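Inspection log for the structure reproduced underneath, given as structure tokens.
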Amino acid sequence: MSALPPPIPAPVAVPVPVNEQDLERKTVELLHSAHDRILKEVSKVIVGQKEVIEQMLIALLAGGHGLITGAPGLAKTLLINSLAQVFSLSFRRIQFTPDLMPSDITGTEILEETTEGRDLVFHKGPIFANMILADEINRTPPKTQAALLEAMQEHQVTVAGQTFVLEEPFFVLATQNPIEMEGTYPLPEAQLDRFMLNVVIDYLAEDEEVAVVTQTTSRKAEPIQPIFSGEDLLRCHELVKKVPIAEEVVRYAVRLASATRPHREHAPDFVNEWVNWGAGTRASQYLVLGGKTRAVLQGRAHVNFDDIKALARPVLRHRLQLNYRAEAEGVTVDSLIAKLIQTVPLHPVAK
Numbered sequence: 000m001s002a003l004p005p006p007i008p009a010p011v012a013v014p015v016p017v018n019e020q021d022l023e024r025k026t027v028e029l030l031h032s033a034h035d036r037i038l039k040e041v042s043k044v045i046v047g048q049k050e051v052i053e054q055m056l057i058a059l060l061a062g063g064h065g066l067i068t069g070a071p072g073l074a075k076t077l078l079i080n081s082l083a084q085v086f087s088l089s090f091r092r093i094q095f096t097p098d099l100m101p102s103d104i105t106g107t108e109i110l111e112e113t114t115e116g117r118d119l120v121f122h123k124g125p126i127f128a129n130m131i132l133a134d135e136i137n138r139t140p141p142k143t144q145a146a147l148l149e150a151m152q153e154h155q156v157t158v159a160g161q162t163f164v165l166e167e168p169f170f171v172l173a174t175q176n177p178i179e180m181e182g183t184y185p186l187p188e189a190q191l192d193r194f195m196l197n198v199v200i201d202y203l204a205e206d207e208e209v210a211v212v213t214q215t216t217s218r219k220a221e222p223i224q225p226i227f228s229g230e231d232l233l234r235c236h237e238l239v240k241k242v243p244i245a246e247e248v249v250r251y252a253v254r255l256a257s258a259t260r261p262h263r264e265h266a267p268d269f270v271n272e273w274v275n276w277g278a279g280t281r282a283s284q285y286l287v288l289g290g291k292t293r294a295v296l297q298g299r300a301h302v303n304f305d306d307i308k309a310l311a312r313p314v315l316r317h318r319l320q321l322n323y324r325a326e327a328e329g330v331t332v333d334s335l336i337a338k339l340i341q342t343v344p345l346h347p348v349a350k
């Protein structure tokens, strides 16, 4: 009797190698095609403010934190919540008040009964989310504001000697009210510098305000549909860094930032006259990173000078400290930056 033939082995699935360039190209196409969809979804609840939404998108896609400045009632909180829904991110809102403690943000240890008896159990605070809305951040003392520093820079928090890594992606989007300054604690320069952009929300035009009033008093807003996932966003962060940029454009960004530093070589006379303190190296980095993100959103594979100019105001406005002379002469940070854009040449001047 002949032996049975050996069984045929089951086919083994051979993993198909992923072409990194194809993945990057698809991500660029995804970003460019999703740009209008994102604006459409956010416009379900936010009318107008296209430039503000664009700048917030740039901060998120570049992996930076954002500071939003504007009067009350301009939908700052609603905008941030809407963006969290578009990107399928966990969202927590922290209302900053004078009595807020650092442990109210990071979490605290609580004595609890466990299977092994009483023990201190750490309960996570609202900082453990993908997107944090620090509402009216300048209304809490510096000690509590500082609780955000480690989280913003290192994406981790340390409580009672233990370090807890935050889930990625992680963003802090803070708001502050520029009108009521009594009882507030201005953010220190070290913390301001950690925000990639300072986005200013202004009042709407009459037609846009009419649309807002009509929309919010006649029907319930449509639900926002998620477009991206957290993994998509992390992939975008890596993609943005790989966008090519010419050295002359990088040098222009560096010259623009360094021109804000008074009493330095090539500093304009009006900077020496009006500025106490200028922007640091992080401003140059964010100008370039923001320029790369803007280029990708517009479907371009390279960064141009206009990208750097478009990011100059939101990147620099919270990094410049004007003196009393500038205030007495009615000079604002935005007007000074506009003068800088007109003054700093695109190409270095030959000596």
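Every letter in the sequence shown is one number past the one before it in numbering that gives the first Met the number 0, and letter 270, counting from 1, is 269. Just so it is clear, CB atoms sit at the ideal spot from N, CA and C, and this is done for glycine as well. These numbers were taken from a predicted model, which means no experiment stands behind them.
Enumerated in chain order, which unbroken segments of the alpha helix (DSSP H) with a length of 4 residues or greater are wholly contained in the region 254-333? 268-273, 280-296, 304-315, 323-327
Run of the beta strand (DSSP E) containing A173, from where it starts to where it stops: 170-175
Would you call the region 86-104 in contact with the region 225-236, where contact means no fewer than 3 C-beta pairs closer than 8 Å? Contact between the region 86-104 and the region 225-236 is present: three or more C-beta pairs spanning the two stretches fall below 8 Å.
Contact between the region 289-301 and the region 330-338 is defined here as three or more beta-carbon pairs at a separation below 8 Å; is this criterion met? no
According to the Cβ coordinates, are T76 and T215 closer than 8 Å? no
When D268, R318, Y251, V270 are compared against G279, the one with the closest alpha-carbon: R318
For R193, three-class secondary structure by DSSP: coil
Hey, out of G62, L78, A70, Q190, whose CA is closest to G50's CA? The amino acid at residue 50 is misidentified as Gly; the sequence shows Glu. That would be L78, whose Cα lies nearest to the Cα of E50.
Tell me whether the region 248-268 and the region 309-318 touch, counting them as touching only if at least three CB pairs, one residue from each stretch, are closer than 8 Å. They touch, by the three-pair rule.
Distance, Cα to Cα, R234 vs N80? Rounded to whole angstroms, R234 to N80 spans 22 Å at the Cα level.
So A70 and M195 are supposed to be a Cβ contact under 8 Å. How far apart are they, rounded? No, A70 and M195 are not in contact; Cβ-Cβ is about 23 Å, not under 8 Å.
Three-state secondary structure assigned by DSSP to G229: helix
Going along the chain, which residues of its own chain have a beta-carbon closer than 6 Å to the beta-carbon of G124, five neighbours each way excluded? I104, T105, G106
Less than 7 Å between C-beta atoms, sequence neighbours within five positions excluded: which residues of the same chain meet that for A128? S89, F90, R91
Alpha-carbon spacing of Q224 relative to E40, whole angstroms: 7 Å
What does DSSP give as the partner residue(s) for L119 in the beta ladder? L110
Going by other Cβ atoms of all chains shown within 10 Å of its Cβ, with 16 needed for buried, is D306 buried or exposed? buried
8 Å Cβ cutoff met for E389 and F95: Coverage of the chain is limited to positions 0 through 350, which leaves residue 389 absent and any answer about it impossible.
Residues bridged to F86 (per DSSP): Listed as beta-bridge partners of F86 by DSSP are no residues whatsoever.
Can you name, in chain order, every residue of its own chain whose Cβ lies under 8 Å from the Cβ of A12, other than the five neighbours on each side? Caution is warranted here: a pLDDT of 39 is assigned to A12, below 50, making its placement in the model unreliable, and the coordinate value is therefore given only provisionally. Once the five neighbours on either side are set aside, A12 has no close Cβ partner at all.
Through-space distance from R36 to K291, alpha-carbon basis: 20 Å
Check whether the Cβ atoms of P177 and T68 sit closer than 8 Å, and answer yes or no. Contact: yes.
8 Å Cβ cutoff met for V295 and V239: yes
Per the DSSP calculation, I45 is bridged to which residue(s)? None; I45 has no bridge partner.
Report all residues from its chain with a CB closer than 6 Å to the CB of A402; omit the five preceding and five following residues, and keep chain order. Any question about residue 402 goes unanswered here, given that the chain covers just 0 to 350.
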